[in-house]
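Chemist: Structure provided below as structure tokens; questions to follow.
There are 2 protein chains.
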Amino acid sequence: MIVEIVSTGDELISGNIVDTNASYLASKFLEIGMLVKRCNIVGDDKKEIQAVLKEISSRADIVVVTGGLGPTKDDLTAEIAAMVSKDSLIINKEALSAIQSFFEKKNLQMSEVNKKQACLPSKAIMLENDSGTAPGFYMNLGKSIFYFLPGVPFEMKEMFKNKVLPDIFKRFGIKQRLRSKITLFGVPESKAAQNLDGFENKFPNLQLGFRAAFPMIEIKLLSPAITDNVSGKIDLDNARDWILSKFDVAKIVSDKGLSMEEEVARLLIKKKKTIAVAESCTGGLISHLLTDVPGSSAYFLFSAVTYSNEAKINILNVKQDTIVEYGAVHQTTAEEMAKGVMEKAGADFGISTSGIAGPTGGSDEKPVGTICIGFAKKGFSTAKTYCLNFNDRARNKKIFAATCLNLLRKELL
Amino acid sequence: MIVEIVSTGDELISGNIVDTNASYLASKFLEIGMLVKRCNIVGDDKKEIQAVLKEISSRADIVVVTGGLGPTKDDLTAEIAAMVSKDSLIINKEALSAIQSFFEKKNLQMSEVNKKQACLPSKAIMLENDSGTAPGFYMNLGKSIFYFLPGVPFEMKEMFKNKVLPDIFKRFGIKQRLRSKITLFGVPESKAAQNLDGFENKFPNLQLGFRAAFPMIEIKLLSPAITDNVSGKIDLDNARDWILSKFDVAKIVSDKGLSMEEEVARLLIKKKKTIAVAESCTGGLISHLLTDVPGSSAYFLFSAVTYSNEAKINILNVKQDTIVEYGAVHQTTAEEMAKGVMEKAGADFGISTSGIAGPTGGSDEKPVGTICIGFAKKGFSTAKTYCLNFNDRARNKKIFAATCLNLLRKELL
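If you read the protein sequences in the order shown, they are chains A and B. Under this note's numbering, the first residue of the first sequence is numbered 79, with each subsequent residue one higher. Under this note's numbering, the first residue of the second sequence is numbered 79, with each subsequent residue one higher.
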């Protein structure tokens, strides 16, 4: 089965927007066992879109086209689909009433230009858009079935999941596949691949994928298209257990595919514990990550971003002597920060960071990438120093934050 | 001039990675006045890459191909380029010595597989890679000049800027264009476009582009390829002034294209002022943004993320009565937070947020999207309430943070 994707829009070929639609669609096709053969990106250029659709219609089985369904004169997709199939545009009554009811639901007046969006090739079948005004449609062109969807990612995804996939399943007799995801921290991608050598021989029916979501690694597992959910699940579980056995348990963040902050949040909620954070070089990133998880007010009490020494001393009760003797970037300082923030907030745990994210501020003794992480709980505190330099301030902040959260995660296990 | 881009790699057509290389290259070509005609994404599939290169070599003038130059057996690009041009692979001596010296500089042993990376088509000219082991190369195929670059974005960008662009300039007699960028906050993209109606007639030589970098709008200006830098600069400055005149001054964040946090940082440094932040619903995002700007320790003293009421009271000296009477999400609370954090940190300014980012926690009286922003300076404090709901926790946090920073920015003007 040859699958191709076409993304249209001047904003894509001018580099103003990165095309995330193609990537999303490719991953969804992979989940049903189809590797996309080619993605094609073209501007809002009638001749070029026409050429691409013609070429593809002679070689692909399934094609998804995104973009160009809006109400303005740049939106040419329906017209071009009609041209390529030597069809004519007519007002599609279903599409018109879908657009009308979209505006009615929002209590808005439908404007004349939106009527254009109901003009579809006469052979096309309308795909309703529940979250926008642009209906999609599908039709045969050459040897392919073409699905035309809007370019707005949110609308496109909804329609692909709810309208296109069910049609593909029915049309080609395909079944949804089972999935499993594992997240790792502290394992280089090449090492992860090496550890899983032999997977293909052992589990020939399953598909294995890696994704580096810095600073994490995601391992994805996909069952073959199955008729029997029970045995499919057993296969997948066996493979997952085999993969888990290949890694140091401490490196496995989640066997359910959660991100570091989601897993930490899950553990804190499960154990009914609260947390306070003292950040220096991570500058609020740890707090931002933890509070990105909905419901974080259940466990997140307080975080202090203390860049200045005064703030470390006044807010976190770090001893002036400690800073004078060791400086801000030191294990002893980090340990006192963690203890101080825990006590200040009345939290069960305190974690802290103090280090050098760069690009400046490093020295021979404490180079860019030096990070001291403190941890405190009732009656106990400790700290550790790491050197983790990725030559980029933003990446350094990310790996510092993940290293700190990982320490908390291991404590919560 | 027809320009096409080819991105290769199984990770791209499986949806594991979004192809940012094509978008980067497209924007760089636009800067020299060339709109990319088509981007093609294919997997590590010998037949498919061969087919794509052949097709393109009959229609494009300039082609950039990324990926497939690594040392493993999936890396097929050089071999395919040789096949398409009916050429043979030979060890390119320059490439070999470049790889060798890369390893020497890093004090690493070069492995046998890296030798493969020095095998290039005999007609190819090597492009040195200063930051990785994979050399690039360029050669004619059909009617096109093909530039082959590694897929690692960092390496690819360096090589494109430093090796490919200069070659294109020389080969086609093209000159670098002058650029100008303006950032706006609080203007919808459609409104921004409407305000600039008539630009094309007034400045027919200049190119205008929009980019929504939520929650900001970027307006980009590009001069035509010029021989005379002085008159080009005057044109660009005139157009920039015209654009600036079309917007409420308060909505213009930077006429130099700085982001909100960069502009706030610039103003704080210029005025030698310091800042402290009290965050509730933004959960550390404001601190994270401000500390992403290198050198932030000059103005950023302290930030407190006070989710719990106890933290608001104990750390920020918010009055218990205020919280009992008005609740955490209220102007009075936000105002006391801003004042408290400023005093605690001994900063010149204090800013604060308290609101409901969602998806839960909203009520009829205070729906999701409600945000109270506090501001304090010596002898003065105030607060304001906004309702800004974008139906997404992460987007709400972003717009809350930007709204708060914008208030500070206006104070600093």
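We put the beta carbon where it would ideally sit given N, CA and C, even for glycine. This structure is a prediction, so every number in the text was calculated from the model and none was measured.
Using a Cβ-Cβ distance cut-off of 8 Å, determine whether residue 222 of chain A contacts chain B.
Modeler: No, residue 222 of chain A lies away from the interface with chain B (no Cβ there is under 8 Å from its Cβ).
Chemist: Sort A:220, A:219, A:241, A:218 by Cα distance to residue 228 of chain A and report the nearest one.
Modeler: A:241
Chemist: With distances taken between CB atoms, is the gap from residue 312 of chain B to residue 260 of chain B smaller than 8 Å?
Modeler: no
Chemist: Is residue 465 of chain B buried or exposed, if buried means 16 or more other CB atoms sit within 10 Å of its CB?
Modeler: exposed
Chemist: Sort A:449, A:87, A:173, A:217 by Cα distance to residue 154 of chain A and report the nearest one.
Modeler: A:87
Chemist: For residue 117 of chain B, name the three-state secondary structure that DSSP assigns.
Modeler: strand
Chemist: Tell me, please, which residues DSSP counts as bridged to residue 215 of chain B.
Modeler: B:204, B:226
Chemist: Among residues of its own chain, excluding the 5 on either side of residue 147 of chain B, which ones have a beta-carbon nearer than 8 Å to its beta-carbon?
Modeler: 153, 155, 156, 195, 212, 213, 214, 226, 227, 228, 229
Chemist: For residue 482 of chain B, report the span of its alpha helix (DSSP H) as first-last.
Modeler: Bounds of the alpha helix (DSSP H) holding residue 482 of chain B are 471 to 490.
Chemist: Which residues in chain B have a C-beta closer than 8 Å to the C-beta of residue 370 of chain A? List them in chain order.
Modeler: The answer, in chain order, is 361, 471, 472, 475.
Chemist: Just tell me which of B:185, B:171, B:79 has its CA closest to the CA of residue 246 of chain B.
Modeler: B:79
Chemist: Can you tell which of B:380, B:376, B:387 has the C-alpha that lies nearest to the C-alpha of residue 376 of chain A?
Modeler: B:387
Chemist: For residue 167 of chain B, which of B:461, B:180, B:203, B:182 has the nearest alpha-carbon?
Modeler: B:203
Chemist: Counting only Cβ-Cβ distances shorter than 7 Å, please list the residues of the region 413 to 444 of chain A near chain B, keeping chain order.
Modeler: Cβ contacts with chain B come from 422, 423, 424, 437, 438.
Chemist: Between residue 408 of chain B and chain A, is the shortest Cβ-Cβ distance under 8 Å, so that the two count as touching?
Modeler: no
Chemist: If you pair each beta-carbon of the region 356 to 368 of chain B with each one of the region 324 to 339 of chain A, do three or more pairs fall below 8 Å?
Modeler: no
Chemist: Measuring alpha carbon to alpha carbon, tell me which residue in B:141, B:159, B:115 is nearest residue 126 of chain B.
Modeler: Checked all of B:141, B:159, B:115; the closest Cα to residue 126 of chain B is B:159.
Chemist: Let's see if you can read the secondary structure: which residues bound the beta strand (DSSP E) around residue 288 of chain A?
Modeler: Run containing residue 288 of chain A: 285 to 291, per the beta strand (DSSP E) assignment.
Chemist: Check the Cβ of residue 102 of chain B against every Cβ in chain A and list those closer than 9 Å, keeping chain order.
Modeler: 93, 96
Chemist: What residue range is occupied by the uninterrupted beta strand (DSSP E) comprising residue 452 of chain A?
Modeler: 448 to 455
Chemist: Can you tell me whether residue 210 of chain B is buried or exposed, with buried defined as 16 or more other CB within 10 angstroms of its CB?
Modeler: buried
Chemist: When the Cα of residue 150 of chain A is compared with those of A:231, A:218, A:192, A:124, which residue comes out closest?
Modeler: Nearest of A:231, A:218, A:192, A:124 to residue 150 of chain A, Cα basis: A:192.
Chemist: To which residues of the same chain is residue 273 of chain A closer than 6 Å at the C-beta, ignoring the five residues directly before and after it?
Modeler: 324
Chemist: By a C-beta neighbour count over all protein chains shown, 10 Å radius and 16 as the cutoff for buried, is residue 437 of chain B buried or exposed?
Modeler: exposed
Chemist: Give me the Cβ distance between residue 96 of chain A and residue 107 of chain A, rounded to the nearest whole Å; I'm assuming they're in contact under 8 Å.
Modeler: Wrong, their Cβ atoms sit about 19 Å apart, outside the cutoff.
Chemist: Starting from residue 377 of chain B and walking both ways along the beta strand (DSSP E), at which residues does that stretch end?
Modeler: First-last for residue 377 of chain B: undefined, no H or E at that position.
Chemist: Excluding sequence positions up to five away, which residues of its chain have a Cβ less than 6 Å from the Cβ of residue 298 of chain A?
Modeler: 259, 287
Chemist: Assuming contact is defined by CB atoms lying nearer than 8 Å, are residue 262 of chain B and residue 234 of chain B in contact in what I supplied?
Modeler: no
Chemist: Do we get a CB-CB distance below 8 Å when we pair residue 181 of chain A with the residues of chain B?
Modeler: no
Chemist: Report the three-state DSSP secondary structure of residue 397 of chain A (helix, strand or coil).
Modeler: coil
Chemist: Distance, Cα to Cα, residue 454 of chain B vs residue 350 of chain A?
Modeler: Going by the C-alpha atoms only, they are around 36 Å apart.
Chemist: Going straight from the alpha carbon of residue 488 of chain A to that of residue 138 of chain B, what length do you get?
Modeler: 55 Å
Chemist: May I ask which residues mark the beginning and end of the alpha helix (DSSP H) holding residue 150 of chain B?
Modeler: Run containing residue 150 of chain B: none; DSSP gives neither H nor E here.
Chemist: Using a Cβ-Cβ cutoff of 8 Å, what residues of the region 374 to 387 of chain A are near chain B? List them in chain order.
Modeler: 374, 375, 378, 379, 380, 381, 382, 383, 384, 385, 386
Chemist: Only counting runs of 4 or more residues, tell me where the alpha helix (DSSP H) segments fall wholly within the region 232 to 305 of chain B, in order along the chain.
Modeler: 243 to 250, 267 to 273, 277 to 280
Chemist: Can you give me the C-alpha to C-alpha distance between residue 470 of chain B and residue 366 of chain B, rounded to a whole angstrom?
Modeler: Taking C-alpha positions only, residue 470 of chain B is separated from residue 366 of chain B by approximately 19 Å.
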